[in-house]
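With full-length UniProt numbering applied, the sequence shown covers 1 to 136. Note that the Cβ used here is the ideal one computed from N, Cα and C, for glycine as well. For reference, the structure discussed in these notes is given below.
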Amino acid sequence: MMACTMAHTKPFLAGRNLACTTPRCPAPLRSRRTPAVLAAANKPIFVDSSPSEDFLKSEGVRQWGTWGCGVEKFPWSWSVDEKAYVLEGEVYITPNEGEPGAGQPVHVKKGDYCVFPGGMSCTWDVKQPIYKHFNM
C-alpha cells in the first residue's frame with residue numbers, strides 16, 4: 001500500500017485504479033496514482049489536460065514557484081518528484097533509453113497539470129516558450 005500522491009495520509013492499493021481513501025479528496029481519480037505506479041505502468045510522465053479549478057486550488061498551485069524557458073532543446077533529469085501546472089507554451093518531453101516510455105514523446109501544453117517522477121532523465125524539445133508553476 002502507498003500514500004496518495006496528493007500527500008494524503010490514508011493509503012490506496014498500488015497499481016490499482018482505486019479512489020483515494022481520504023474523505024472528500026478533491027483530486028480526480030486519475031491524478032491519484034503515484035509516480036512510482038505510473039513508471040511501473042510504463043507511463044513515466046502523468047499529464048492531466050483538464051484539471052478542475054477546485055483541484056488546482058486544493059494543491060495550492062498558484063503559490064508554487066515559477067520557471068520558464070524559450071524555444072530550445074535540452075537534456076533534463078529530476079532528482080525528486082515534481083508537480084507542475086503549465087501556464088504558457090508547448091513542449092515534447094522524451095524519456096531517455098532505459099526509462100519507462102523511452103523514445104515516446106509526451107506532449108505538454110498550456111493548461112496541463114503534470115507529475116514528473118524523480119530519477120527520470122529525458123530530453124525537452126520546447127516548441128513554444130514554456131512558463132509553469134512547479135512544486136518539488
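CB-CB length for methionine 120 against glutamate 97, believed under 8 angstroms | Not confirmed; about 12 angstroms, so no contact.
Please look up how many angstroms separate the CB atoms of isoleucine 130 and valine 80, rounded, as I've assumed it's under 8 angstroms.
-> Not a contact, Cβ separation roughly 20 angstroms.
Environment of glutamate 59 [buried if 16+ CB atoms lie within 10 Å] = buried
In chain order, what residues of the same chain have a beta carbon less than 8 angstroms from the beta carbon of arginine 24, not counting five sequence neighbours either side?
-> Since pLDDT at arginine 24 reaches only 45, below the 50 mark, its modelled position is unreliable, and no value is offered.
Beta-bridge partners of alanine 84, as assigned by DSSP = Cys114 and Phe134
Inter-residue spacing [alpha-carbon to alpha-carbon] between valine 61 and cysteine 122 = 24 angstroms
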